[in-house]
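Just so you know, we're using our numbering here: the sequence shown kicks off at 795 and counts up by one. For glycine and all other residues, C-beta sits at the position ideal for the given N, C-alpha and C.
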Amino acid sequence: MQAQTGKTTCPYCGVGCGVKVPLSPDRTSVIGPVCGDENHPANFGKLCVKGSHLSETLSSDGRLLQPVVDGIETHWDDAISTVAERIKTIIDEHGPDAFAFYLSGQILTEDYYVANKLAKGFIGTANIDTNSRLCMASAVAGYKRAFGSDTVPCNYEDLEKCDLLIMVGSNAAWTHPILYQRIVEAKKNRPNMKVVVIDPRRTATCDIADLHLAIAPGSDAAIFNYLLTESVRQNCLDQNFIANNTDGFEAALFQAQATLASKKEVASFCDINESILQQLADWWCSKEKAVSFFSQGVNQSATGVDKANAIINCHLATGRIGKEGMGPFSITGQPNAMGGREVGGLANQLAAHMDFTTEGAIDLVQRFWQAPNMATKDGLKAVDLFQAIEQGTVKAVWIMSTNPMVSLPDTAQVQRALEKCELVVVSDCNTITDTTVFADVLIPATSWSEKDGTVTNSERRISRQRGLLPPPGEAHHDWQAICEVAKAMGFTTGFDYKQVFEIFAEHADLSGFENEGKRDFDISFYSQINQQGYEDLLPVQWPVTNTNPFGTARMFSNGRFYTENQRAQFIAIEPRFPAIKANKDYPFILNTGRIRDQWHTMTRTGKAAKLLGHIDQPYVEMSPLDAIELAVQEKQLIKLDSVLGSAYLRVKISNAQKKGQIFAPIHWTKQFASDAVVSNLIPQAVDPLSGQPESKYTCVQLIPQTNLLYGFAVVANDIATDALDYWCNITISEGKYYEFAMSDSQLTTTQNDGGIINLVNKALTSNGVNIELGECIEYRNPINQTIRISYLMEHKLQAVFYFSPNPTLPDTQWLITMLEAGKVITEIDRIALLAGQPSNSVDKGKIICSCFNIGEKQVNEAIVNGAKSVIELGKVLKCGTNCGSCISELNGLIIPTSKVLSADYLDASL
Ligand code: SF4
């Protein structure tokens, strides 16, 4: 038998890259690194660093393999009947709205479809929401207000074909790297193409920007209102399109002119330079092919829907929609946020792009499903749902493939809700997450490489995510768990699917049912699909119908929309700042987001050692001016306080931040750090239309932590962390790496030498290491008050601890390499351990290129030796030649200052 190759889709971001997976001949294991599928139209063979390391995330460590009921492992059938019985008891007593699903953009369309069907058609509640609410709900609401439907008009090719690309609230270089690389390539081939970034902070995405508008947080809508008024002044309106295909232009223009009447007022509102604002307007008015690419920076706002409509207004006014290289393009964060939208997996949707308010829709769906208990009104959106759980009106929640204890705002409230909830069911592939610890019932779910179904990416492209490996233990697909619970609740018809393709076919059939062109989402071409057709399904952009079997590249090319009169609607927008302002108690504005090599709450990417080499601990980024005022240094521990909670992060000083604004990543959970969940700080302020939380704007106080002893531990096993005031850990291939800090003066080097040794012994022995069998090498440096302690077992490294009053710790990559190699420790190695310096050249420094494991020291050495460009570095070290995610940092090492045209940092800072 020969090794085989499976084709599937990456499970991380909304780009939706095709992946090829090398499988053992019996298809039971992945036998090497994955690579990009050159035939997939999203990525044409490329993968970013996260996708490239997918095979390293497949370990069985921490995998949930058996159902658990009330803390006791049980079998699948017991768990299913328990969940069904308990849900039934609660809805019999309290009604259908006492139950809710909380789902995820990680699950597949077929999983979403049956969950939506069970809730809205059979139980009779629309309480089914998803973490996509946190990601793109504002874009959905904006599209619906303008087009009458949740329709993304554009495709990825438009990003390459446009002459002006405006990227708003997106650090695509880190969050959608393959799309960003496509843009980089397009700009290289067409140097006249202009890229503009609108973002309060300077990110890696600005590396290709011709212009960066570092706007005041939340002021985005004013920029687009200005573009609308300039479109009039510079005579670039499409008068025919406005007259024949839209309503409401005059009111939108009047509002834009009335609120901020002059360029000066707009620039002042946005806190930017007038000349930069005008340069954007001049490009907008002179370059016909323009795409506005927007993401979380627009959506995660209490005025996110207005911002989306301010963007869409500009495209409607100039007729730049439905044509090559043009359009307002919302980019989704999650791999299947779009699939969830298609089935109606949000509380304010019904099914197949129909709402409860769509005329005749409830009756249509009821007849199609033969549903006994149709929900008739919107359910609770995510934040409202968890408030209802705390208030006791929702008494049972089934959480699937998401970690609300980390991702929802005000996690203390989420905790109160889950503690109070009568029945918490969690389907997950991990045993321990910050959320699973609150589960009454834990259902083992399949994970990427096992899950089987379809996903839809940001350009409406449906792709197969294939089940390549057999599910381990008693793990089942989410659709199987839902259908079995449905049947056990007595819904004997409607959930009797034998194969997943049957669900897809039904979903496709519903999309075309009595549609006749009235609804945008129509994939009825697949309503008769069979197993083989499903297996062979090629990536395709919906709608896909019998008259249009190859899919649809762009929407609205005919100028007809899905509103009642088929005309697009302008929305009059008044730009508004967040209601809460920074004040003397909470003077800093906290922005949150993602980092290059991690995904969501690290449940998957946290398993890949190489993905933690780039940024290995939670941090808060601040301007040098704020660092001076606070008298903090790089890496110092600092406490963030908001009105709701606190978090402890390490200081990162960067010119990317304006004074008074800070940034912290969202990924760290209680599994990876002692106290670094930043959602804990964020209030539950939401956009009134979309219900999307304002995760990009929170006012906080910063409190530097002083007189601490800092340290690290490179260890073969987990260590006890009780004595550590602050810690974070990462997985390395043969153990764990910890960084920590302590305030206990008894542990200082000067007062009590025994304190350190006791702490180290306790940290090791409490997790089963018999230190009596080992050898301890210890060195204390009285000059800089550092201590190094190494434990050897059978002449191999078992653990290294380091303590210092200085928060900047020495490089540890060489120690990690030594531990991972498991080599016998020689005399030279002993000297190195005592000296705290590598005896040879294994010290790479901080990993810059995760694809080829190239560290900062190697890059600097190559630069000193004559490599003066990223291309030359690539030739010498290969860094930057795969996914390209590190190119921005490589550039930063070659040329430490950015050439991006932006005077705003200087204006704000001086
Ligand atoms: S860009 Fe990266 S994370 Fe996103 S789908 Fe592609 S490979 Fe996966």
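So if I measure from each beta-carbon to every heavy atom of the ligand SF4 and keep distances below 6 Å, which residues remain?
Residues flagged by the Cβ proximity filter: 804, 806, 807, 809, 810, 811, 837, 841, 842, 844, 845, 970, 971 and 972.
With DSSP as the reference, label residue 1227 as helix, strand or coil.
In the sequence shown, counting from the first residue as 1, residue 1227 sits at position 433. Correct three-state label for residue 1227: coil.
Quick check on the burial criterion: 16 or more other C-beta atoms within 10 angstroms. Buried or exposed for residue 1355?
For the purposes of this step, residue 1355 is taken as residue 561 along the sequence shown, with counting starting at 1. The residue is buried, with at least 16 neighbouring Cβ atoms inside 10 Å.
What's the gap between the Cα of residue 959 and the Cα of residue 1279?
As a working mapping, residue 959 is identified with position 165 in the sequence shown. As a working mapping, residue 1279 is identified with position 485 in the sequence shown. Between residue 959 and residue 1279, the C-alpha separation is close to 48 Å.
When you compare the CB positions of residue 1250 and residue 1132, do they come within less than 8 Å of one another, or not?
Walking along the sequence shown from the start, residue 1250 turns up at place 456. Walking along the sequence shown from the start, residue 1132 turns up at place 338. The answer is yes: Cβ separation under 8 Å.
Excluding five sequence neighbours on each side, which residues of the same chain lie with their C-beta closer than 6 Å to the C-beta of residue 1068?
Here residue 1068 is taken as the residue at index 274 of the sequence shown, counted from 1. Excluding residues within five positions, the ones whose Cβ falls inside 6 Å are 1057 and 1061.
With DSSP as the reference, please indicate the residues paired to residue 1459 in a beta bridge.
Working through the sequence shown from its first residue, we reach residue 1459 at position 665. According to DSSP, residue 1459 bridges with 1387.
Residues bridged to residue 939 (per DSSP):
Here residue 939 refers to the residue found at position 145 of the sequence shown. Paired residue(s): none; residue 939 is not in a bridge.
Can you tell me the Cα-Cα spacing of residue 800 and residue 822, whole angstroms?
Translated into positions along the sequence shown, residue 800 becomes position 6. Translated into positions along the sequence shown, residue 822 becomes position 28. If you take the alpha carbons of residue 800 and residue 822, they lie about 12 Å apart.
Nearest CA to the CA of residue 1185: which residue from 1597, 1502 and 1216?
Counting from 1 along the sequence shown, the entry for residue 1185 is found at position 391. The shortest Cα separation from residue 1185 among 1597, 1502 and 1216 belongs to 1216.
Following the continuous beta strand (DSSP E) through residue 1209, name the residue where it begins and the one where it ends.
Here residue 1209 corresponds to residue number 415 of the sequence shown, with the count starting at 1. Where residue 1209 is concerned, there is no enclosing beta strand (DSSP E), although the alpha helix (DSSP H) it sits in stretches over 1205 to 1214.
Could you give the residue range of the alpha helix (DSSP H) that holds residue 1573?
Taking the sequence shown and counting its residues from 1, the one referred to as residue 1573 is at position 779. Note, residue 1573: premise wrong, no alpha helix (DSSP H); beta strand (DSSP E) at 1569 to 1575.
Given residue 1321, which residues of its chain have a CB within under 7 Å of its CB, disregarding the five upstream and five downstream residues?
Taking the first residue of the sequence shown as position 1, residue 1321 is located at position 527. The answer, listed in chain order, is 1299, 1302, 1303 and 1306.
To which residues of the same chain is residue 1287 closer than 8 Å at the C-beta, ignoring the five residues directly before and after it?
Here residue 1287 refers to the residue found at position 493 when the sequence shown is read from its first residue. 1164.
For residue 990 and residue 1002, believed in contact at Cβ under 8 Å, the rounded distance:
Residue mapping note: residue 1002 aligns to position 208 of the sequence shown, counting from 1. Residue mapping note: residue 990 aligns to position 196 of the sequence shown, counting from 1. Contact flag wrong, Cβ pair sits at about 10 Å.
Using DSSP with H/G/I as helix, E/B as strand and the rest coil, what is residue 1132?
Position 338 of the sequence shown holds residue 1132. It is helical.
Just mark residue 1510 as buried or exposed, buried being the case when its beta carbon has 16 or more other beta carbons within 10 Å.
Taking the sequence shown and counting its residues from 1, one reaches residue 1510 at position 716. It counts as buried.
Given that a residue counts as buried once 16 or more other Cβ atoms are within 10 Å of its Cβ, and exposed if not, what is residue 1344?
Taking the sequence shown and counting its residues from 1, one reaches residue 1344 at position 550. Burial call: exposed.
Beta-carbon proximity list for residue 858, same chain, < 7 Å, skipping 5 on both sides
In the sequence shown, counting from the first residue as 1, residue 858 sits at position 64. Counting only Cβ-Cβ distances below 7 Å, and skipping sequence neighbours, we find 1222, 1223, 1224, 1225, 1236 and 1238.
What are the partner residues of residue 1239, as DSSP defines its beta bridges?
On the sequence shown, position 445 is the one that residue 1239 refers to. Answer is 1270.
Considering only the beta carbon of each residue, do residue 796 and residue 816 sit closer than 8 Å?
In the sequence shown, the residue the question calls residue 796 occupies position 2. In the sequence shown, the residue the question calls residue 816 occupies position 22. Not a contact, by the Cβ cut-off of 8 Å.
Just checking my contact of residue 775 with residue 1604 at CB under 8 Å: how many whole Å lie between their CB atoms?
There is simply no residue 775 to check, as the chain begins at 795 and stops at 1704 in what is shown.
Of all the options 1248, 1209, 1242 and 1193, which has the alpha carbon lying nearest to the alpha carbon of residue 1276?
One-based indexing of the sequence shown puts residue 1276 at position 482. Of the residues 1248, 1209, 1242 and 1193, the one whose Cα lies closest to the Cα of residue 1276 is 1193.
Which residues mark the beginning and the end of the beta strand (DSSP E) in which residue 923 is found?
The sequence position of residue 923 within the sequence shown is 129, counting from 1. Unbroken beta strand (DSSP E) run through residue 923: 922 to 924.
Residue 814 by DSSP, collapsed to three states: which one?
One-based indexing of the sequence shown puts residue 814 at position 20. Residue 814 falls in the strand class under three-state DSSP.
In whole angstroms, give me the CA-to-CA distance for residue 1459 and residue 1472.
If you number the sequence shown from 1, residue 1459 lands on position 665. If you number the sequence shown from 1, residue 1472 lands on position 678. Spanning the two alpha carbons is a distance of roughly 8 Å.
Here's the rule: buried if 16 or more other CB atoms are within 10 angstroms of the residue's CB, otherwise exposed. What is residue 898?
Start at 1 with the first residue of the sequence shown, and residue 898 comes out as number 104. Buried is the call here.
Which parts of the region 1276 to 1355 are runs of the alpha helix (DSSP H), unbroken and 4 residues or longer, counting only runs that do not cross its ends?
1294 to 1306 and 1325 to 1329
Whole-angstrom distance between residue 838 and residue 1434, CA atom to CA atom
Position 640 of the sequence shown, counted from the first residue, corresponds to residue 1434. Position 44 of the sequence shown, counted from the first residue, corresponds to residue 838. Taking the straight line from one Cα to the other gives about 43 Å.
Starting from residue 1109, follow the beta strand (DSSP E) in both directions and report where the run begins and ends.
Locating residue 1109 in the sequence shown gives position 315, where the first residue counts as 1. No beta strand (DSSP E) contains residue 1109, which is instead part of the alpha helix (DSSP H) from 1098 to 1111.
Sort 1506, 1168 and 1457 by Cα distance to residue 1554 and report the nearest one.
Mapped onto the sequence shown, residue 1554 falls at position 760. Closest option to residue 1554, Cα to Cα, is 1506.
Within a Cβ cutoff of 6 Å, which residues of the same chain sit near residue 1584, ignoring the five residues on either side of it in sequence?
Numbered from its first residue, the sequence shown carries residue 1584 at position 790. Within the same chain, residue 1584 has close Cβ partners 1571, 1594 and 1627.
Supposed contact pair residue 1367 and residue 1103 - C-beta distance, whole angstroms, cut 8 Å:
Indexing the sequence shown from 1 puts residue 1103 at position 309. Indexing the sequence shown from 1 puts residue 1367 at position 573. The Cβ separation is near 6 Å, so the contact holds.
With the cut-off set at 8 Å, would you say residue 1444 and residue 1175 are in Cβ contact?
Residue mapping note: residue 1444 aligns to position 650 of the sequence shown, counting from 1. Residue mapping note: residue 1175 aligns to position 381 of the sequence shown, counting from 1. No. Outside cutoff.
For the structure I just gave you, are there three or more beta carbon pairs, one from the region 1478 to 1492 and one from the region 1199 to 1219, closer than 8 Å?
At 8 Å Cβ cutoff, the stretches touch.
Please name the residue in 1437, 1046, 1491 and 1025 whose C-alpha comes closest to that of residue 1372.
One-based indexing of the sequence shown puts residue 1372 at position 578. It is 1491 whose Cα lies nearest to the Cα of residue 1372.
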